[in-house]
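Colleague:
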Amino acid sequence: MEKNRSVIRELLKFEFELGHSAKQAMDNINRAKGAGTVAYSTAKEWFSKFKSGNLTIEDNLRSGRPEKLIERLSSTPSKSIRQ
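To convert, count from 1 in the sequence shown and add 965; that's the numbering used here.
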């Protein structure tokens, strides 16, 4: 099975809602989907997030290049950032 992150997160959330521990969730998912599908550290991290009341399974926004810079580089690809 492809280790699709959103599927794994849904399964972890489901296990959390059933009242299972992170270890139980990891064992259940790995038994059903194949050894190594989810690591204990991943299960623990998501369970911590769920316990804090955050039940969303989407990634948090991360910083990256400012949109203005991306637009500028796209409009003049021959220029570098330092010019």
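Even for Gly, the Cβ is constructed at its ideal location relative to N, Cα and C.
#1: Please report the distance separating the alpha-carbon of N995 from that of T1002.
#2: Going by the beta-carbon positions, is the gap between E980 and N969 smaller than 8 Å?
#3: Rounded to a whole number of angstroms, what is the C-alpha to C-alpha distance between A1004 and H985?
#4: Apply the 10 Å Cβ neighbour rule to A990 and answer buried if 16 or more other Cβ atoms are within range, or exposed otherwise.
#5: Could you work out which residue in F1015, D1024, K1033, A1008 is closest to A987 when comparing CA atoms only?
Modeller: Considering the structure as presented:
#1: If you number the sequence shown from 1, residue 995 lands on position 30. If you number the sequence shown from 1, residue 1002 lands on position 37. Linking N995 to T1002 through their CA atoms gives a straight-line distance of about 5 Å.
#2: Here residue 980 refers to the residue found at position 15 of the sequence shown. Here residue 969 refers to the residue found at position 4 of the sequence shown. Not closer than 8 Å, so no.
#3: If you number the sequence shown from 1, residue 1004 lands on position 39. If you number the sequence shown from 1, residue 985 lands on position 20. If you take the alpha carbons of A1004 and H985, they lie about 16 Å apart.
#4: Within the sequence shown, numbered from 1, the residue matching residue 990 stands at position 25. Burial call: buried.
#5: For this step, residue 987 is matched to residue 22 along the sequence shown. Out of F1015, D1024, K1033, A1008, A1008 has the C-alpha closest to the C-alpha of A987.
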